[in-house]
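Peer 1: Letter 122 of the sequence shown, counting from 1, is numbered 122 in my numbering, and no numbers are missing.
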Amino acid sequence: MKDYLVRIITTSENVRALACITTGLVDEACRRHGTYPTASAALGRALTGGALLGALLKTGQRVALKFEGNGPLKKVIVEADSNGAVRGYVGVPEVCMVTDAGKLDVGGALGRAGFLTVSRDLGLKEPYKGMVQLYSSEIAEDIAYYLTDSEQIPSAVGMGVYVEPDNSVSAAGGFLIQSLPPADDRIIDTLMERIGRMPPVTQLLRDGATPEKILQILFADIPYVTLEKRELAFRCTCTREKIERVLISLGSGELSDIIAREGNTEVTCEFCREIYPFTRDQLERLVNEMNSCA
């Protein structure tokens, strides 16, 4: 099944919701970064959250999520745009922690103390930024807390990532529900009760549930209309030209030092692990271009 997202709104226009499957993009990201199981679960949840928040943006806008904690993962960073492209990485991918119950301990791996920072690039001079303390460090609850506390939009978020014994990801996805003004307490109470009773998202996905099915479970007798269905994918925005600009930003002096010490060099993209090699001649060309513009 391809990765995709479905967005709906109730006919009363008091509640909007999104559900998605992200198995393919999460598995690709985890393979690129060589993540261990708990790091895979954390990265997968964050990528799913990025996809959900990205779908709320207008065309050409982007959102970035940075989870920073005092656990061994250190941080999880994800970026997503309005077209369904998502990318991300973890600070330390070689983390595997399990709870006493035998479940992957994402909260412990990220750390109970820390912050979630959300940046939205809305096409203005400066991106809009909001920050909250980590609520549970389980990713989904932290995103819901941020939306409710910082953006004043009551929200519920559910996510699931299943990591196989061989470290591959066989199921990933989630949902986001938001209450819009004027709030309909009856619908909200019904949805909260259903969220509490429904099986874990991971179980639903492993049983073959689609985003449409998840929404049907939650909104069984609540009338709604489907606004869109969009494909999702792991896609990085790095290019050789962008990497060259990064090297140029180091300055001609530091670049000359690299040439003297190493001759050739390689630059690896943090988000996708793509390697960009630069020969001595290519580095010298950059230095000459900078000196000629000085």
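For each residue, glycine too, the CB sits at the ideal point set by N, CA and C.
Since G69 contacts A113 with CB under 8 Å, what's their CB separation in whole angstroms?
Peer 2: By 1-based counting over the sequence shown, the position of residue 69 is 69. By 1-based counting over the sequence shown, the position of residue 113 is 113. Indeed they touch by this definition, with Cβ atoms about 7 Å apart.
Peer 1: Does the count of Cβ pairs from the region 255–272 and the region 84–100 closer than 8 Å reach three?
Peer 2: Judged by Cβ distances under 8 Å, the region 255–272 makes contact with the region 84–100, as three or more pairs qualify.
Peer 1: When you compare the CB positions of A55 and G84, do they come within less than 9 Å of one another, or not?
Peer 2: Mapped onto the sequence shown, residue 55 falls at position 55. Mapped onto the sequence shown, residue 84 falls at position 84. Yes, Cβ-Cβ distance for A55 and G84 is below 9 Å.
Peer 1: Are D27 and S168 close, meaning C-beta to C-beta below 9 Å?
Peer 2: As a position in the sequence shown, residue 27 is number 27, starting the count at 1. As a position in the sequence shown, residue 168 is number 168, starting the count at 1. For D27 and S168, yes; Cβs fall inside 9 Å.
Peer 1: Only counting runs of 4 or more residues, tell me where the alpha helix (DSSP H) segments fall wholly within the region 119–191, in order along the chain.
Peer 2: Complete alpha helix (DSSP H) runs here, min 4: 140–149.
Peer 1: Verify whether the separation of the beta carbon atoms of V118 and K125 is less than 9 Å.
Peer 2: By 1-based counting over the sequence shown, the position of residue 118 is 118. By 1-based counting over the sequence shown, the position of residue 125 is 125. No. Outside cutoff.
Peer 1: Quick one: what's L104 bridged to in DSSP?
Peer 2: Against the sequence shown, residue 104 aligns to sequence position 104. Answer is V98.
Peer 1: Nearest-angstrom Cα distance between M159 and Q133?
Peer 2: As a working mapping, residue 159 is identified with position 159 in the sequence shown. As a working mapping, residue 133 is identified with position 133 in the sequence shown. If you take the alpha carbons of M159 and Q133, they lie about 20 Å apart.
Peer 1: Please check the pair A39 and P93, which I expect to be a contact at CB under 8 Å, by giving their CB distance rounded to whole angstroms.
Peer 2: Start at 1 with the first residue of the sequence shown, and residue 39 comes out as number 39. Start at 1 with the first residue of the sequence shown, and residue 93 comes out as number 93. The pair is a contact, with the Cβ atoms about 5 Å apart (cut-off 8 Å).
Peer 1: Whose CA, out of E284, V15, T10 and A42, lies closest to the CA of Y162?
Peer 2: As a position in the sequence shown, residue 162 is number 162, starting the count at 1. Ranking the options by Cα distance to Y162, first place goes to A42.
Peer 1: Suppose the cutoff is 8 Å on Cβ atoms and the five residues either side in sequence are ignored; what does the same chain contact list for E164 look like?
Peer 2: As a working note, residue 164 is residue 164 in the sequence shown. Excluding positions up to five away in sequence, the list reads S170.
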